[in-house]
Every structure is written in structure tokens, then in C-alpha cells.
Amino acid sequence: DTAVSQTPKYLVTQMGNDKSIKCEQNLGHDTMYWYKQDSKKFLKIMFSYNNKELIINETVPNRFSPKSPDKAHLNLHINSLELGDSAVYFCASSPGQKAGDTGELFFGEGSRLTVL
Amino acid sequence: AQSVTQLGSHVSVSEGALVLLRCNYSSSVPPYLFWYVQYPNQGLQLLLKYTTGATLVKGINGFEAEFKKSETSFHLTKPSAHMSDAAEYFCAVSEFDGYNKLIFGAGTRLAVHP
Chain A
119 DTAVSQTPKY
129 LVTQMGNDKS
139 IKCEQNLGHD
149 TMYWYKQDSK
159 KFLKIMFSYN
169 NKELIINETV
179 PNRFSPKSPD
189 KAHLNLHINS
199 LELGDSAVYF
209 CASSPGQKAG
219 DTGELFFGEG
229 SRLTVL
Chain B
151 AQSVTQLGSH
161 VSVSEGALVL
171 LRCNYSSSVP
181 PYLFWYVQYP
191 NQGLQLLLKY
201 TTGATLVKGI
211 NGFEAEFKKS
221 ETSFHLTKPS
231 AHMSDAAEYF
241 CAVSEFDGYN
251 KLIFGAGTRL
261 AVHP
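Heads up: the protein sequence lines correspond to chains A and B, in order. Per our numbering, the very first residue in the first sequence carries number 119; after that it's consecutive. Per our numbering, the very first residue in the second sequence carries number 151; after that it's consecutive.
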């Protein structure tokens, strides 16, 4: 029973296309995130939602649009894909966003996006 | 903003040897610190974390880390490496600026050879 699940695991597409990645968590957490891992393995936060509200948006091109229909789901839609968008995108969740919470993240297995 | 520095992007050890992966952070307040491990083609898994209390933290798979405030360090160690320890290891610090987020180091790839 996977705690944080992402689909698809692999995605190969052409430049200019639009694609979506879906994420679901069954941990009952309030907060979800998207992280991008580049070819050098560097992890950078993109977005965070707390109870369906966008709380972190880290200078990401507006071609990237997250959507959270409920607190258990966070999807990522990417318009007009570019070569530089090729990366592994990780969804994660954490229990909450209150001071005193440690910020510990629970990760999905990642979605590898390849733009040709 | 906080930052995390992992010294050595690649570390290679023999099976049975000591593993030492270095992590330094910048923070003006006592941070929460984490080590995550990423096996090939998988997501990140928590190895251990320091929040408060005892500065020597034990994690899974025989790993431990010590929080040293005076050195702003949180180095990861394991007394005896196993082939299955080969993976990418990430140190992270929690930054709270109204909202929690984890800031990751660049990662250290650990290779274990027979």
C-alpha cells in the first residue's frame, strides 16, 4: 500500500507538448510538494500546497501549474515543454505546516520526464 | 536563506570499511536536520533526523549522525560498509519562514567495492 504514489513513472514527449503528472498520498498529511531533481541529482523545491492552498512557489516558469483538488492529491501540469524540463519530478508530503513540525518529507518514487 | 554543503560528491569505500559522509549547514537558529538515501531509480527514504535532544542520532541500516552546533555539522557515519549501502545520500535542513520546507545538499554518491 504505497504512501505517496505518482503517475506516470516515465514520460517521454516532444518539445512543445503539454503533459501532466499526478500524485496521491494516503498518509493523511496536510501538505504536499513538488521537487525537481536535475541530471546532477540536485533537488529543488518547486511548489507546496497546504490543505489545497498554494503556500510555496519557488520562481518556477508559469508554464508549470500545480493543482490540488483536495489535500490528498497534487498534480503538476506543464505547458509547452522544453528540453530543459527533462528531469525527475518528485512528489512529497508532510504532516503539517505549523511551527514546531520538523518538515520531514515522505517521497514518491519520482516521475522521469524526458523531452526530445 | 539556509544552505547545506556536502563535501565530496563521490565517496568510495571498501566493503567493511568506515563510511563518513560530511554535511555542513548554515543556520542562525538550531535547525532540524535530516539524512535521506536514494537508491537507483527510487524515491528518497529517510535515514535519520535530528530535531531536539540527544545530538547523536541513530537511523536505519546501522547509520548514525552527530549534530555538532559549534561546527555547524551533521556528518553521517556507519562503522562497516555493506555493498547494499551504495546509493546517493542527501543531507537536508528544515527552513521555517512561515512555512516549512526542506533545503537539500547536492548529494554524495557512495560507492562500495569488494
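Where a beta carbon is used, it is the ideal one built from N, C-alpha and C, also for glycine.
| Asked | Found |
| --- | --- |
| 9 angstroms Cβ cutoff, K199(B) in contact with chain A | yes |
| Alpha carbon of D247(B) to alpha carbon of F165(A), nearest angstrom | 15 angstroms |
| Neighbourhood of S162(B) by C-beta distance below 6 angstroms, restricted to the same chain and skipping five residues each side | A261 |
| Local conformation of K159(A) per DSSP, three classes | coil |
| Per DSSP, the bridge partner or partners of I139(A) | L194(A) |
| Residue span of the beta strand (DSSP E) that contains N175(A), given as start and end | 171-175 |
| Coil, strand or helix - K219(B) by DSSP | helix |
| Limits of the beta strand (DSSP E) - the one that K199(B) falls within | 194-200 |
| 8 angstroms contact criterion, which A238(B) and R259(B) should meet: CB distance rounded | The sequence given here has Glu at residue 238(B), not Ala. E238(B) to R259(B), Cβ: 5 angstroms. Contact. |
| L206(B): contacting residues in chain A (beta-carbon distance under 7 angstroms) | In chain order: nothing, as chain A lies at least about 18 angstroms away. |
| Cβ of S186(A) within 9 angstroms of any chain B Cβ | no |
| Chain-ordered neighbours of Y182(B) on chain A, where CB pairs are closer than 7 angstroms | T220, G221 |
| Within chain A, the residues that K251(B) reaches when beta carbons sit closer than 7 angstroms | I163, S166, I174, G221 |
| Member of D235(B), G255(B), K251(B) whose CA lies at the smallest distance from the CA of Y151(A) | K251(B) |
| Per-residue DSSP class, three states only, for L223(A) | coil |
| M340(B) - DSSP class collapsed to helix/strand/coil | No statement about residue 340(B) is possible, as the shown extent of chain B runs from 151 to 264 and does not include it. |
| Helix, strand or coil at L201(A) according to DSSP, with G and I counted as helix | helix |
| Three-state class that DSSP yields for N211(B) in the structure shown | helix |
| Neighbour list for K170(A) in chain B, Cβ cutoff strictly below 7 angstroms | Result: empty, since nearest Cβ-Cβ is about 14 angstroms, beyond 7 angstroms. |
| Residue(s) in a DSSP beta bridge with S164(B) | H263(B) |
| Touch test, the stretch 219-226 of chain A against the stretch 182-197 of chain B, Cβ-Cβ under 8 angstroms, three pairs minimum | yes |
| Residues that V188(B) bridges to, as DSSP identifies them | In the sequence on display, residue 188(B) carries Gln and not Val. According to DSSP, which records beta bridges pairwise, Q188(B) is partnered with L194(B), E238(B). |
| Option nearest Y153(A) by Cα separation, candidates N144(A), N193(A), L199(A), L234(A) | N193(A) |
| CB contact check: F246(B) to chain A, cutoff 9 angstroms | yes |
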